[in-house]
Amino acid sequence: MNDLLRASVIIPPRNRRALLMRTLDSLERQDAAADEYEVLVVLDGTDDDSETWLERRRPAHALRWVRQRQGGLADARNTGATHAAHDVLLFYDDDMLADRALVLAHLSMHRSRDDVLVQGYYPMAPEYLKGGAAIAYDRSHRGAIAAMEASPGGGVTIWGGNISIRKATFDRVGGFDPKNFREYGAEDTDFGLRAIAAGVPVVLAKQALALHMRRVGYASHRRQGFAEGISLGKLERLHGTRLEAINGGGVGGAFDRVSGAIWAFPRIADGLGHVLSGGMWLADRGMPAPVKLRMARAVHRFYKVGGLLHR
Numbered sequence: 003m004n005d006l007l008r009a010s011v012i013i014p015p016r017n018r019r020a021l022l023m024r025t026l027d028s029l030e031r032q033d034a035a036a037d038e039y040e041v042l043v044v045l046d047g048t049d050d051d052s053e054t055w056l057e058r059r060r061p062a063h064a065l066r067w068v069r070q071r072q073g074g075l076a077d078a079r080n081t082g083a084t085h086a087a088h089d090v091l092l093f094y095d096d097d098m099l100a101d102r103a104l105v106l107a108h109l110s111m112h113r114s115r116d117d118v119l120v121q122g123y124y125p126m127a128p129e130y131l132k133g134g135a136a137i138a139y140d141r142s143h144r145g146a147i148a149a150m151e152a153s154p155g156g157g158v159t160i161w162g163g164n165i166s167i168r169k170a171t172f173d174r175v176g177g178f179d180p181k182n183f184r185e186y187g188a189e190d191t192d193f194g195l196r197a198i199a200a201g202v203p204v205v206l207a208k209q210a211l212a213l214h215m216r217r218v219g220y221a222s223h224r225r226q227g228f229a230e231g232i233s234l235g236k237l238e239r240l241h242g243t244r245l246e247a248i249n250g251g252g253v254g255g256a257f258d259r260v261s262g263a264i265w266a267f268p269r270i271a272d273g274l275g276h277v278l279s280g281g282m283w284l285a286d287r288g289m290p291a292p293v294k295l296r297m298a299r300a301v302h303r304f305y306k307v308g309g310l311l312h313r
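Position 213, counted from 1, in the sequence shown is what the numbering used here calls 215; the numbers after and before it change by one each time, with no gaps.
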C-alpha cells in the first residue's frame with residue numbers, strides 16, 4: 003500500500019476549447035485532495051484560443067500545459083508522460099465530464115496494487131446519446147467493459163480515454179506507438195496488449211466514471227470506420243491477435259464479403275458509403291433507436307472493411 007502516490011492527469015486536446023473547458027471544470031470538483039493530482043494539458047498542434055483560456059484558470063490543483071507540433075494522440079500522450087510530475091499517469095480525453103470519484107478511484111487502485119493498467123468507465127453523456135453513431139459507440143464501450151468484467155485481469159480491447167498506469171510501468175512497456183498508430187483508433191489497445199505481454203494485468207475500475215461528450219458528424223463517422231479498419235489490421239500483424247478477439251473487430255459475414263468486393267473499386271465504394279450515410283441521416287431524424295443503431299453500424303462496418311483491405 004502506497005498512500006504517497008499522486009496522479010498526473012494527461013489530456014491531449016486539439017482545437018476543442020469549449021469541450022476542454024467543461025472537462026477541466028469537472029476535474030476541479032474531485033474527492034481527491036488538490037495536492038494528490040495535477041492536470042497536464044498537451045496542446046497537440048492546437049491553433050485555437052485554448053491556451054488563452056487555460057491562462058485564465060485558477061484551480062486548487064496544479065494545472066500545466068505544454069505545446070507541441072501536431073503528432074497525433076499517441077505522440078501527445080507520450081509527451082504528457084515525459085512532462086508528468088507524478089508517479090501515476092492518468093490518460094484522459096478532452097471531452098469527458100469526470101465524476102467526483104474519478105481521480106481517487108484510479109489512485110486507490112494503484113495504492114493497493116503493484117503494476118496494473120487501470121481501465122476507467124466512460125459511457126456516453128445522456129444529452130449526447132441521440133444519433134446512431136453515438137448509440138453505436140456507447141454500445142461498443144459498454145460491451146468492452148462487460149467483457150472485462152467477465153474476464154478480470156485480462157481484456158484485449160483498451161479504451162484509452164480514461165486509463166491509468168504507473169510511470170515506471172509505462173516506460174517499461176514502451177509508451178504508446180506513434181509510428182504505427184498516428185491515425186484514429188487502436189493505439190490504446192496496442193499499448194494494452196504490450197502491457198499484458200509484459201505481465202501487467204488490466205483491472206477495471208467502474209467507479210472511475212466519466213460521461214463522454216462525444217459528437218461525431220457523418221463524414222467523421224465514415225473516416226473513423228476506415229481508420230479503425232487500418233488500425234485493426236496493424237494490431238493483427240504486430241501482435242498476431244485475431245480480429246475476432248478484439249471488441250467489434252471480427253469480419254467475415256455476408257455483409258463483409260459484399261463490402262469487400264465493392265471496395266475493389268474504391269471510388270464506387272466511397273460513393274455507396276455516402277449513400278449509406280444518407281440513410282443514416284434519415285434514420286437519425288425520426289426513426290426508432292434500433293434503426294438508427296443498425297444504420298450507423300452498417301456505415302461504420304462498411305468503411306472498416308475498406309480500411310482492412312487498404313492495409
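Virtual Cβ for every residue (Gly too), placed ideally from N, Cα, C.
**Request:** Check the DSSP bridge columns for V293 and list the partner residues they point to.
**Result:** Taking the first residue of the sequence shown as 1, we reach residue 293 at position 291. Paired residue(s): none; V293 is not in a bridge.
**Touching by the beta-carbon criterion (3+ pairs, under 8 Å), the region 88–108 and the region 142–155** = no
**Request:** Under 8 Å Cβ to Cβ from I270, same chain only, skipping five residues before and after it: list those, please.
**Result:** Counting from 1 along the sequence shown, the entry for residue 270 is found at position 268. Result list for I270: I264, in chain order.
**Asked** Based on Cα-Cα distance, which residue from R18, A83, P268 and A170 lies nearest to H112?
**Response** Mapped onto the sequence shown, residue 112 falls at position 110. Considering only alpha carbons, the answer is A170.
**Prompt:** Going by DSSP, which residues form a beta bridge with M98?
**Reply:** Here the question's residue 98 lines up with position 96 in the sequence shown. The partner list for M98 (beta bridge, DSSP) reads H214.
**Asked** How many Å lie between G133 and L45 at the Cα?
**Response** Taking the sequence shown and counting its residues from 1, one reaches residue 133 at position 131. Taking the sequence shown and counting its residues from 1, one reaches residue 45 at position 43. In a straight line, the C-alpha of G133 is about 29 Å away from that of L45.
**Request:** Could you tell me which of A76, G47 and V293 sits nearest to R184, measuring between CA atoms?
**Result:** The count along the sequence shown starts at 1 and reaches residue 184 at position 182. The option with the nearest alpha carbon to R184 is A76.
**Request:** Assuming T83 and L91 form a contact by the criterion Cβ under 8 Å, report the distance between their Cβ atoms to the nearest whole angstrom.
**Result:** Taking the first residue of the sequence shown as position 1, residue 83 is located at position 81. Taking the first residue of the sequence shown as position 1, residue 91 is located at position 89. The amino acid occupying residue 83 in the given sequence is Ala; Thr does not appear at that position. A83 to L91, Cβ: 5 Å. Contact.
**Item:** Continuous beta strand (DSSP E) stretch holding S153: start and end
**Value:** Counting from 1 along the sequence shown, the entry for residue 153 is found at position 151. Here S153 belongs to no beta strand (DSSP E), and DSSP marks it neither H nor E.
**Asked** Can you tell me where the alpha helix (DSSP H) with Y175 in it begins and where it stops?
**Response** Sequence index remark: in the sequence shown, residue 175 carries index 173 (1-based). Note that residue 175 corresponds to Val in the displayed sequence, not to Tyr. Its alpha helix (DSSP H) spans residues K169 to V175.
**Local conformation of A34 per DSSP, three classes** = Counted from its first residue, the sequence shown places residue 34 at position 32. A34: coil per DSSP, three-state reduction.
**Where L311 sits in the DSSP three-state scheme** = Translated into the one-based positions of the sequence shown, residue 311 becomes position 309. DSSP places L311 in helix when its eight states are reduced to three.
**Message:** Measuring straight from C-alpha to C-alpha, what distance separates L22 and D192?
**Reply:** The residue you call residue 22 lines up with position 20 of the sequence shown. The residue you call residue 192 lines up with position 190 of the sequence shown. Spanning the two alpha carbons is a distance of roughly 26 Å.
**Message:** Taking DSSP's pairing of strands, which residues face R69 in a bridge?
**Reply:** Within the sequence shown, residue 69 is the residue found at index 67, counting from 1. L45.
**Reduced DSSP secondary structure (H/G/I, E/B, other) of N164** = Residue numbering aside, residue 164 sits at position 162 when the sequence shown is read from its first letter. Strand at N164.
**Message:** Can you confirm whether L240, when its beta carbon is compared against all beta carbons of chain B, has any partner nearer than 8 Å?
**Reply:** In the structure shown, chain B cannot be found, because there is only a single protein chain.
**Prompt:** Which residue or residues does DSSP assign as beta-bridge partners of G93?
**Reply:** Position 91 of the sequence shown holds residue 93. The amino acid occupying residue 93 in the given sequence is Phe; Gly does not appear at that position. F93 is bridged to I12 and I165.
**Asked** Of the residues D95, A291, Q72 and G308, which one's Cα is nearest the Cα of S233?
**Response** Taking the sequence shown and counting its residues from 1, one reaches residue 233 at position 231. Nearest option by C-alpha distance: G308.
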